[in-house]
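In my numbering, the protein residues as written are 1 to 576.
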């Protein structure tokens, strides 16, 4: 029988920390085994005095979402500890996930059409369904789903894999699907999952092995800064055990270790803010574990030194703080901004990707250790579309294809999934910097391709909008340089090489000159700086020059240094 959240809409606005025994499980979907769920707080907390502020209703949150007051919603989600059985989540979670949907045209019935297309029927099979290859069979966590609920989760994941063929590795996808099913119908859970997977603004679910590796290494780097004492302790008692092995399973401390009550409250915030919530929780777990190791014999060095990772998961099952205290500690961590996390993530991603490509001057790619750096089926279509408009098509077709595959392997992984679109070309739109800005400045990222009159081909991947040249600082002055460390230079012909930001190799003490990514005004555009400009073009987009610079540690991109532009082409990416 289909489950409709409309039936719980009235209850969703009647929230209370205390419920009658007969209503203990009113907030759960029919495919949940409620007898195993501890709905009442099992901590010895003081009883309510009646002076506590009332928990916020879904109607209030919905109004804030409609007004795009995301910060207010964030604060409410962090502060309101709705009971585990509260019916609010049957409406709250779908509304939060709907913010991230890119396929706004997902109509009623779409999911069931997909189910029929994949399985030939909408009837739930009594036989086990083979799960997609991207699922980790050892972490198909059902939580409190019944056998029917598990079969529903299997079906949702299969349909999503069919609809999103570019997902190649996503072990957390199944547990998230299972959690959603505790509070909503099958169709709603699928729509929520589609929103999380397709989100453009925030990251929720990793979808490739590379993204997964970048994420756990990012968590490890952040932990080294924010949980120094814990990291030093682990290294001291386990000198032969690498930290990497501990952090590879960081997400399972949360998803497989924490009690269900804690996990549901974390999800309240996660569905709005993204994966950074899990980062914060992981840091708190490390600090709490370190504290317990020093005072509790159960976690003595002799008991944990052989397998800290497994000990962390066991510790989480008995975590000594309430969900509210855990989240309060997580959101109290200072210096952990979205920008800081993004900087660490991008730096790690670039470093890992650079290892798959030979050093400057090489003309062949190193074979990837996995399929992550190889073009997916969609990427190959995108490359083919780009080749129809790219100026270097004048080269032999096979050479053009090889050059484009090389360039594609240098792009950030998430960008390769989008279709490139030609925004500006001097052959069609004329040689004017004004026209360049009109057609390009609102797009992020962009790919600049220059072909000189000597047939050299080079360019840059520009991570930020060119409109940022107009952004003013606190003093009302325009910033000279902008952009991020994701920006890089490249040369395709006659030499083939990539020149990433020097920061991916670590801090060399270059200071400001190592972060001069992009600059522009009405007279020129520049990419790269510090003792030279890697690419400089004049306002008529006719003449340019190239020098070595500190930001990218590159040689001049053409032998003469000065060049005359035959064609400039700029590409954006559809759907970003």
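For each residue, glycine too, the CB sits at the ideal point set by N, CA and C.
Since the structure is predicted, the reported quantities are computational estimates derived from the model, not experimental observations.
Original post:
If we ignore side chains and look at the alpha-carbon of each, how far apart do residue 98 and residue 309 end up?
Top reply: The count along the chain shown starts at 1 and reaches residue 98 at position 98. The count along the chain shown starts at 1 and reaches residue 309 at position 309. Going by the C-alpha atoms only, they are around 35 Å apart.
Original post:
Can you tell me whether DSSP reads residue 578 as helix, strand or coil?
Top reply: Residue 578 is absent from the structure shown; the chain starts at 1 and stops at 576.
Original post:
From 543, 535, 465 and 502, pick the residue whose C-alpha is nearest to that of residue 572; which is it?
Top reply: Start at 1 with the first residue of the chain shown, and residue 572 comes out as number 572. Comparing Cα positions, the closest option is 465.
Original post:
With distances taken between CB atoms, is the gap from residue 152 to residue 174 smaller than 9 Å?
Top reply: Along the chain shown, read from residue 1 onward, the residue named residue 152 stands at position 152. Along the chain shown, read from residue 1 onward, the residue named residue 174 stands at position 174. Their beta carbons are not under 9 Å apart, which means residue 152 does not touch residue 174 by this criterion.
Original post:
Near residue 488, which residues of its chain fall below 8 Å by C-beta distance, leaving aside the five closest residues on each side in sequence?
Top reply: Here residue 488 corresponds to residue number 488 of the chain shown, with the count starting at 1. Result list for residue 488: 350, 410, 460, 461, 498, 499, 500, 501 and 552, in chain order.
Original post:
Does the distance from the CB of residue 525 to the CB of residue 519 come in under 9 Å?
Top reply: Counting from one through the chain shown, the residue named residue 525 turns up at place 525. Counting from one through the chain shown, the residue named residue 519 turns up at place 519. The answer is yes: Cβ separation under 9 Å.
Original post:
If you draw a straight line from the C-alpha of residue 69 to the C-alpha of residue 77, how long is it?
Top reply: As a working note, residue 69 is residue 69 in the chain shown. As a working note, residue 77 is residue 77 in the chain shown. Roughly 13 Å separates the two Cα atoms.
**OP:** Can you tell me which of the three DSSP states residue 536 falls into?
**Re:** Counting from one through the chain shown, the residue named residue 536 turns up at place 536. Note: residue 536 maps to strand in three-state DSSP.
Original post:
residue 456 and residue 557: beta carbons closer than 9 Å?
Top reply: Position 456 of the chain shown, counted from the first residue, corresponds to residue 456. Position 557 of the chain shown, counted from the first residue, corresponds to residue 557. Taking 9 Å as the Cβ cut-off, residue 456 and residue 557 qualify as a contacting pair.
Original post:
Which of the three DSSP states, helix, strand or coil, is assigned to residue 471?
Top reply: Residue mapping note: residue 471 aligns to position 471 of the chain shown, counting from 1. Three-state result, residue 471: coil.
Subject >> Nearest-angstrom beta carbon gap, residue 184 and residue 93 [assumed within contact, 8 Å] >> reply: Locating residue 93 in the chain shown gives position 93, where the first residue counts as 1. Locating residue 184 in the chain shown gives position 184, where the first residue counts as 1. That pair is a contact at about 7 Å.
**OP:** Find out if the Cβ-Cβ distance for the pair residue 37, residue 271 is shorter than 9 Å.
**Re:** Here residue 37 refers to the residue found at position 37 of the chain shown. Here residue 271 refers to the residue found at position 271 of the chain shown. Not a contact, by the Cβ cut-off of 9 Å.
**OP:** Could you spell out where the beta strand (DSSP E) holding residue 584 opens and where it closes?
**Re:** The first residue shown for the chain is 1 and the last is 576, placing residue 584 beyond what the model contains.
**OP:** Output the distance between the C-alpha atoms of residue 295 and residue 326, rounded to the nearest integer angstrom.
**Re:** In the chain shown, the residue the question calls residue 295 occupies position 295. In the chain shown, the residue the question calls residue 326 occupies position 326. Rounded to the nearest angstrom, the two C-alpha atoms are 19 Å apart.
**OP:** Could you tell me which residues DSSP pairs with residue 570 in its beta bridges?
**Re:** What you label residue 570 is simply residue 570 of the chain shown in a count that begins at 1. DSSP, once it has assigned bridges, lists 424 and 448 as partnering residue 570.
**OP:** Using three-state DSSP, classify residue 418 as helix, strand or coil.
**Re:** Taking the first residue of the chain shown as 1, we reach residue 418 at position 418. Coil at residue 418, not helix or strand.
Original post:
At a cut of 8 Å, does the stretch 235 to 252 reach the stretch 116 to 133 through at least three beta carbon pairs?
Top reply: no
Subject >> One or two residues paired with residue 284 in a DSSP bridge >> reply: Counting from 1 along the chain shown, the entry for residue 284 is found at position 284. DSSP lists no partner for residue 284.
Original post:
Which residues share a DSSP beta bridge with residue 151?
Top reply: Here residue 151 corresponds to residue number 151 of the chain shown, with the count starting at 1. Residue 151 is not bridged to any residue.
**OP:** Go to residue 646, then tell me how far its beta strand (DSSP E) extends in each direction, as first and last residue.
**Re:** Past the boundaries of the shown model lies residue 646; the chain is included only from 1 to 576, so the question cannot be answered.
Original post:
Can residue 414 be considered in contact with the ligand GTP, in the sense that its beta carbon sits closer than 8 Å to one or more heavy atoms?
Top reply: Absence of the ligand GTP from the depicted structure is noted, as is the absence of any ligand whatsoever, leaving it without description.
**OP:** Taking only the alpha-carbon atoms, compute the straight-line gap between residue 102 and residue 492 and give it to the nearest angstrom.
**Re:** Residue 102 sits at position 102 when you count from the first residue of the chain shown. Residue 492 sits at position 492 when you count from the first residue of the chain shown. Distance between the alpha carbons of residue 102 and residue 492: 34 Å.
Subject >> Neighbourhood of residue 440 by C-beta, 8 Å cutoff - its chain only, sequence neighbours within 5 removed >> reply: Within the chain shown, numbered from 1, the residue matching residue 440 stands at position 440. 423, 424, 446, 466, 570 and 572.
**OP:** Confirm, please, whether the CB-CB distance from residue 336 to residue 222 is below 9 Å.
**Re:** Mapped onto the chain shown, residue 222 falls at position 222. Mapped onto the chain shown, residue 336 falls at position 336. In contact: residue 222 and residue 336 (Cβ atoms closer than 9 Å).
Original post:
Where do the N-terminal and C-terminal ends of the beta strand (DSSP E) with residue 134 fall, by residue?
Top reply: Position 134 of the chain shown, counted from the first residue, corresponds to residue 134. Taken as a continuous stretch (DSSP letters only), residue 134 belongs to no beta strand (DSSP E), as it is neither H nor E.
Original post:
Between the C-alpha atoms of residue 574 and residue 420, what's the straight-line distance to the nearest angstrom?
Top reply: For the purposes of this step, residue 574 is identified with residue 574 of the chain shown, where counting begins at 1. For the purposes of this step, residue 420 is identified with residue 420 of the chain shown, where counting begins at 1. The straight-line gap from Cα to Cα measures roughly 6 Å.
Subject >> Best match in 29, 402, 253 and 276 for proximity to residue 218 [C-alpha to C-alpha] >> reply: As a position in the chain shown, residue 218 is number 218, starting the count at 1. Measuring from the Cα of residue 218, the nearest candidate turns out to be 276.
Subject >> Span of the alpha helix (DSSP H), counted from its first residue to its last, around residue 545 >> reply: Here residue 545 refers to the residue found at position 545 of the chain shown. Where residue 545 is concerned, there is no enclosing alpha helix (DSSP H), although the beta strand (DSSP E) it sits in stretches over 543 to 545.
Original post:
Taking C-alpha atoms, which residue in 480, 135, 454 and 172 lies nearest to residue 215?
Top reply: The residue labelled residue 215 in the question sits at position 215 within the chain shown. It is 172.
Subject >> Local conformation of residue 56 per DSSP, three classes >> reply: Along the chain shown, read from residue 1 onward, the residue named residue 56 stands at position 56. It is coil, neither helix nor strand.
**OP:** Output the distance between the C-alpha atoms of residue 418 and residue 192, rounded to the nearest integer angstrom.
**Re:** In the chain shown, residue 418 corresponds to position 418, counting from 1. In the chain shown, residue 192 corresponds to position 192, counting from 1. One C-alpha to the other measures close to 21 Å.
Subject >> Cβ neighbour criterion (16 or more within 10 Å) applied to residue 300 >> reply: One-based indexing of the chain shown puts residue 300 at position 300. With fewer than 16 other Cβ atoms within 10 Å, it is exposed.
**OP:** Label residue 111 either buried or exposed according to how many other C-beta atoms from any shown protein chain fall within 10 Å of its C-beta, with 16 as the threshold for buried.
**Re:** As a working mapping, residue 111 is identified with position 111 in the chain shown. Under this definition residue 111 is a buried residue.
Original post:
If residue 281 and residue 330 are in contact, beta carbons under 8 Å, what's the gap, nearest whole angstrom?
Top reply: Mapped onto the chain shown, residue 281 falls at position 281. Mapped onto the chain shown, residue 330 falls at position 330. The pair is a contact, with the Cβ atoms about 5 Å apart (cut-off 8 Å).
Original post:
Between residue 582 and the rest of its own chain, which residues show a CB-CB distance below 6 Å, the 5 nearest in sequence each way excluded?
Top reply: This structure does not reach residue 582, given that the chain is present from 1 up to 576, and the question cannot be answered.
**OP:** Assign residue 482 to one of three DSSP states: helix, strand, or coil.
**Re:** As a first step, residue 482 must be located in the chain shown, where it is residue number 482. Three-state DSSP puts residue 482 in a strand.
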